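Numbering follows UniProt numbering, with no gaps: position 381 of the sequence shown is 381. Where is the CB? At the ideal position from N, CA and C, for every residue including glycine. Treat the numbers as computed from the prediction; the structure is a model and nothing was measured. Just below is one structure, and these are the notes that go with it.
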Amino acid sequence: MAFDYDTIVIGGGPGGLAVAYGLNKHQKVLVVEGNLWGGTCPNFGCDPKKMLYGVVEAKRQVARYQTSGLPAEPKVDWSAMMAFKRGYTEKIPTGTESGLKGAGIDHINGIAKFIDGHTLKVGSQQITGQQIVIATGETPNIPDIPGNKAFKTSTDFLDMDRLPQKIGFVGAGYVAIELANIAAEAGAEVHIFQHNDRLLRNFPQSYTERLKTILTDKGIHFHMNTNVTALEAGADDQVKVVTDNDDPLVLNAIFAAAGRRPNLDQLNLDGIGITVANQGVKVDEHLRTNVPSVYAIGDAIAKSVPKLTPVSGIEGRYVASFIQGETTAPIHYPAIPHTVFAGPELAQVGVSLAEAKKEPERYVISDHSVGAWYTYHRIQDKDAHVTTIMDKASGKLVGAIVLAVNAEELINDFSELITHGTSAKDATDWTPVYPSVTSDLGYFY
Ligand SMILES: Cc1cc2nc3c(=O)[nH]c(=O)nc-3n(C[C@H](O)[C@H](O)[C@H](O)COP(=O)(O)OP(=O)(O)OC[C@H]3O[C@@H](n4cnc5c(N)ncnc54)[C@H](O)[C@@H]3O)c2cc1C
Ligand SMILES: NC(=O)c1ccc[n+]([C@@H]2O[C@H](COP(=O)([O-])OP(=O)(O)OC[C@H]3O[C@@H](n4cnc5c(N)ncnc54)[C@H](O)[C@@H]3O)[C@@H](O)[C@H]2O)c1
1 MAFDYDTIVI
11 GGGPGGLAVA
21 YGLNKHQKVL
31 VVEGNLWGGT
41 CPNFGCDPKK
51 MLYGVVEAKR
61 QVARYQTSGL
71 PAEPKVDWSA
81 MMAFKRGYTE
91 KIPTGTESGL
101 KGAGIDHING
111 IAKFIDGHTL
121 KVGSQQITGQ
131 QIVIATGETP
141 NIPDIPGNKA
151 FKTSTDFLDM
161 DRLPQKIGFV
171 GAGYVAIELA
181 NIAAEAGAEV
191 HIFQHNDRLL
201 RNFPQSYTER
211 LKTILTDKGI
221 HFHMNTNVTA
231 LEAGADDQVK
241 VVTDNDDPLV
251 LNAIFAAAGR
261 RPNLDQLNLD
271 GIGITVANQG
281 VKVDEHLRTN
291 VPSVYAIGDA
301 IAKSVPKLTP
311 VSGIEGRYVA
321 SFIQGETTAP
331 IHYPAIPHTV
341 FAGPELAQVG
351 VSLAEAKKEP
361 ERYVISDHSV
371 GAWYTYHRIQ
381 DKDAHVTTIM
391 DKASGKLVGA
401 IVLAVNAEEL
411 INDFSELITH
421 GTSAKDATDW
431 TPVYPSVTSD
441 LGYFY
């Protein structure tokens with residue numbers, strides 16, 4: 001049977017685009033996108049979030065220098081900050097599309113739906129492909145409570161014209177903590193409602209409690225062990241938040257930050273017998289679904305690695321290689337660093353603290369309060385803290401946790417050491433710029 005395309009990719013986000021660019025040299029490829037070209041990360045995820053974060057972090061650095069030569073603390077001008085962000089995000093969809101055009105990759109706008117394992121319906125068109133790759137990402141979970149139409153999402157937050165005076169978040173994961181920090185630094189009264197007593201459950205509790213104290217000192221109110229049971233929308237942007245633990249609170253906006261769910265509802269996966277597990281499409285070690293011509297990657301799949309942009313990219317490039325027969329090996333994930341941009345940043349890579357504690361004969365855990373080290377003293381980051389995890393037998397670094405301003409830099413350095421299995425000798429046998437975050441590396445060995 002002759003197909004219209006060698007491969008059709010559903011979703012024009014970081015994952016889908018990695019597949020398309022990976023296949024493009026040797027295959028006829030089509031990408032179908034139902035919303036904005038570029039997907040979540042550059043339009044309403046990582047990139048706009050970090051632009052706002054950069055502005056509020058600059059303000060925070062000035063505050064830290066109050067007795068070091070910068071006495072006046074600046075104020076965030078929300079609309080100017082939003083204009084700065086929009087100056088970047090508004091160009092993303094057209095820029096992404098012209099990239100595809102320039103590379104000669106066919107692309108259409110529309111919602112794709114499976115007819116069978118080789119055929120999609122997009123609008124009124126039926127299109128066939130020898131392979132089809134699902135790369136449809138995720139969307140915010142909206143808690144199923146009375147009045148839930150009043151919930152806004154991270155997408156709304158990252159494009160708000162004005163900062164509401166009083167603002168709340170349901171959930172205490174990545175999205176809630178990062179956006180709560182931006183809102184608090186920009187001058188809002190911020191409330192976080194969390195149904196249990198943990199925030200950022202994938203990070204060690206000793207670290208999340210430190211971060212919670214820092215965020216509480218900024219004025220963020222944590223309502224732990226608190227279920228939001230109903231919302232009542234009122235006049236003038238007011239919303240009454242009813243909980244099972246406290247008197248109702250009247251806020252000006254409430255955001256659902258209770259996790260994300262895969263975008264699968266419109267694909268008709270049931271209709272063609274594709275198995276969906278908890279949290280996404282079920283795939284094997286080659287990212288194949290149970291229908292042989294259909295692959296799935298990125299945030300849309302069920303997996304134990306974190307759902308992050310670089311991971312979608314790794315999976316997209318892998319599927320392109322696998323489809324072209326360049327590899328037959330199962331997908332291999334390197335150590336994946338992850339960072340919560342929370343002002344300061346909380347970052348982690350490799351073997352976790354919990355795993356290391358379970359095997360004391362195998363790992364050495366070292367705790368470093370680095371706030372007084374030159375690097376952190378210079379920027380007055382008194383709370384900076386680092387834990388390193390070494391493999392006893394080889395003396396190599398296998399894991400790290402960092403709570404610090406710009407923790408992303410140190411965690412990137414640690415990730416490189418872990419990924420390349422660098423020994424203590426090799427790690428110290430080179431000359432980084434001094435003074436810098438990287439020039440501290442030797443002190444951790
Ligand atoms: C607020 C926020 C902040 C984040 N910050 C970070 C960060 O700092 N670092 C990081 O690494 N990750 C971050 N992430 C996660 C990151 O954005 C995702 O991991 C990444 O975008 C996943 O890429 P993807 O290609 O798998 O999916 P997506 O980027 O979601 O792309 C999927 C695309 O598929 C399209 N689509 C869905 N269904 C269909 C259909 N039926 N037909 C056609 N098209 C369809 C969607 O419109 C979308 O454009 C953040 C996410 C959010 C929400
Ligand atoms: N810096 C980054 O890398 C970054 C930033 C933002 C988002 N992300 C990605 O997006 C994903 C989604 O982020 P998220 O914060 O929405 O999810 P999350 O899974 O990190 O956190 C969800 C939070 O909601 C709580 N929760 C779950 N169900 C609830 C309910 N019914 N009522 C109240 N609370 C509930 C959970 O206990 C948790 O605290 C992340 O896991 C990550 O993969 C990454």
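My assumption, with CB atoms under 8 Å, is that residue i sits in contact with residue j. Please give the rounded CB distance.
i	j	result
residue 177	residue 199	6 Å
residue 299	residue 337	That belief does not hold up - the Cβ atoms of residue 299 and residue 337 are roughly 18 Å apart, past 8 Å.
residue 12	residue 107	7 Å
residue 117	residue 230	Residue 117 to residue 230, Cβ: 44 Å. No contact.
residue 342	residue 211	6 Å
residue 379	residue 398	28 Å between Cβ atoms; not a contact.
residue 188	residue 215	No, residue 188 and residue 215 are not in contact; Cβ-Cβ is about 13 Å, not under 8 Å.
residue 520	residue 65	This structure cannot speak to residue 520, because the chain is shown only from 1 to 445.
residue 366	residue 388	5 Å
residue 30	residue 127	7 Å
residue 173	residue 259	7 Å
residue 221	residue 190	7 Å
Grouping DSSP H, G and I as helix and E and B as strand, with all else coil, what is residue i?
i	result
residue 388	strand
residue 47	helix
residue 237	coil
residue 3	coil
residue 410	helix
residue 142	coil
residue 401	strand
residue 247	coil
residue 312	helix
residue 152	strand
residue 276	strand
residue 348	strand
residue 33	strand
residue 440	helix
residue 203	coil
residue 230	strand
Please report how far the alpha carbon of residue i lies from the alpha carbon of residue j, in whole angstroms.
i	j	result
residue 197	residue 208	11 Å
residue 368	residue 20	44 Å
residue 282	residue 395	37 Å
residue 374	residue 381	10 Å
residue 89	residue 53	15 Å
residue 256	residue 38	23 Å
residue 24	residue 410	36 Å
residue 143	residue 114	28 Å
residue 355	residue 412	21 Å
residue 137	residue 265	12 Å
residue 171	residue 123	36 Å
residue 352	residue 306	13 Å
residue 9	residue 131	9 Å
residue 349	residue 414	8 Å
residue 246	residue 228	10 Å
residue 161	residue 422	48 Å
residue 1	residue 278	35 Å
Skipping 5 residues on each side, what residues in its chain have a beta carbon closer than 7 Å to that of residue i?
i	result
residue 469	With the chain running from 1 to 445 in the structure shown, residue 469 is simply not present.
residue 392	362, 363, 364
residue 309	14, 41, 46
residue 51	84, 85, 88
Considering only residues of the same chain and omitting the five flanking positions on each side of residue i, which have a CB-CB separation below 8 Å?
i	result
residue 289	134, 274, 275, 281, 282, 283, 295, 296
residue 427	397, 417, 441, 442, 445
residue 327	318, 321
residue 225	194, 195, 196, 197, 245
Could you name the residues of the same chain whose beta carbon sits closer than 6 Å to that of residue i, not counting the 5 residues immediately before and after it, in chain order?
i	result
residue 239	150, 231, 233, 251, 254
residue 44	155, 158
residue 386	368, 370, 402
residue 78	163, 186
residue 96	37, 38
Would a check of beta-carbon distances place residue i closer than 7 Å to chain C?
i	result
residue 438	Absent here is chain C; the protein component of the structure consists of one chain.
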